[in-house]
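The listed protein sequences derive, respectively, from chains A and B. Using my numbering, the first residue of the first sequence is number 1, and each one after it goes up by one. Using my numbering, the first residue of the second sequence is number 134, and each one after it goes up by one. Where a beta carbon is used, it is the ideal one built from N, C-alpha and C, also for glycine. Structure, as structure tokens:
Number of protein chains: 2
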Amino acid sequence: MMRIGELAGRTDVSVRALRYYEEQGLLTSERSPSGQRHYAESAVDRVRLVQQLYAAGLSSKVITELLPCVVEGDATPELLERLAAERDRIDGKVAELLDVRSRLDSVITGATTNLLTGRPCRNEAAPETAPGD
Amino acid sequence: MMRIGELAGRTDVSVRALRYYEEQGLLTSERSPSGQRHYAESAVDRVRLVQQLYAAGLSSKVITELLPCVVEGDATPELLERLAAERDRIDGKVAELLDVRSRLDSVITGATTNLLTGRPCRNEAAPETAPGD
DNA sequence: CTTGCCCCTGACGTCAGTGTGAGGTTTTAG
DNA sequence: CTAAAACCTCACACTGACGTCAGGGGCAAG
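What follows is the structure in structure tokens.
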């Protein structure tokens, strides 16, 4: 049974954040008689899962609703729809990210080529007859 | 030369957001003598680009720094590093998203199977001898 | 000239996730 | 036993990307 500081250290999540997760119902703890939080090993995974869901853009409210069934591996048809919706949202996000990624990448490739071919940064001496603007 | 309302309509971005973008240096406008903003056609693309970068998790500050070179297709070596760093960050994010996605997906598949095989939601009558907890 | 719609500039509100400090208790190390 | 470190509960502060309201102008139509 670890205390909150250890859990924080292991998960790289601040103590404050852990308490916040509990407040939001995303994480539970047993309390010692004196009121200190104690966590089982499984809490480490739980926190990581929560972080992942956060990173995926789910709000704490949505996570609260979906977490039980993600953990239990069980769901009502209603929850299934929500899960599927989130999955689709994530798919969309991935596509968007890949799009930007390729855009950035082509800029990088282009600019690198410019640098390698000895052309310095154009914005230093560009005349006003820029064709693209 | 369209005004801000039209640009908002075309880009599906609120008028407020457009003014905010300008405030952040992400979008420029010419002003009529009376102070009203006027935009060229190119502003539509610009706004879309900004939206994409926002969606990719870049802050307005970072976008401000990178936008010129993304638009001009040119960059200093320093900026190139930043671009590459952002690209890598995006790659990481994509990986993370795919990870969560697969996790959700397996939950969905599993729960669907449960439903199809007639097993109702376990949380209704689960005894305390749950093996996974 | 007035009605109506779009525009302007502040400036405060919101929401999430967390930082931070006050003021107090508990646990641990020596 | 005592001091330090870790913990507790409020509770206010902050950032970002806007929403929203207040109070005031610009401009075409009737």
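Using a Cβ-Cβ cut-off of 8 Å, Q185(B) is close to E96, D99, V100 and R103 of chain A, given in chain order. For D99(A), the closest C-alpha among the options V227(B), V233(B) and D232(B) is that of V227(B). M2(A) is bridged by DSSP to Y39(A).
DSSP lists R37(A) as the bridge partner or partners of R31(A). Within chain A, the residues placing a beta-carbon under 7 Å from that of K226(B) are L97, ordered along the chain. With respect to chain A, the C-beta atom of D207(B) has a partner C-beta closer than 9 Å. For the pair L213(B) and T76(A), the CB atoms are not nearer than the 9 Å cut-off.
Take the alpha-carbon of M135(B) and the one of H171(B): they are about 6 Å apart. Listed in chain order, the non-local C-beta contacts of P33(A) below 7 Å within the same chain number zero, local neighbours out to five positions each way being set aside. Taking all protein chains in view, the Cβ of R164(B) is surrounded by fewer than 16 other Cβ atoms within 10 Å, so the residue is classified as exposed. A direct Cα-Cα distance of roughly 11 Å separates I63(A) from A55(A). When 8 Å is used as the limit between beta carbons, V240(B) is near these residues of chain A: C69, V70, G73, A75 and L83, in chain order. Annotation for L18(A): the continuous alpha helix (DSSP H) segment containing it runs V15 to E23. Non-local C-beta neighbours of S14(A) in its own chain, meaning closer than 7 Å and more than five positions away in sequence, comprise A8, ordered along the chain. By the neighbour-count definition (other C-beta atoms within 10 Å, threshold 16), E219(B) is a buried residue.
Where L231(B) is concerned, the enclosing alpha helix (DSSP H) starts and stops at P210 to L249. In terms of Cβ geometry, R234(B) and I108(A) do not form a close pair [threshold 9 Å].
For G243(B), the closest Cβ of chain A is nearer than 9 Å. Nearest in C-alpha terms to Y154(B), of all of Q169(B), R181(B) and L230(B), is R181(B).
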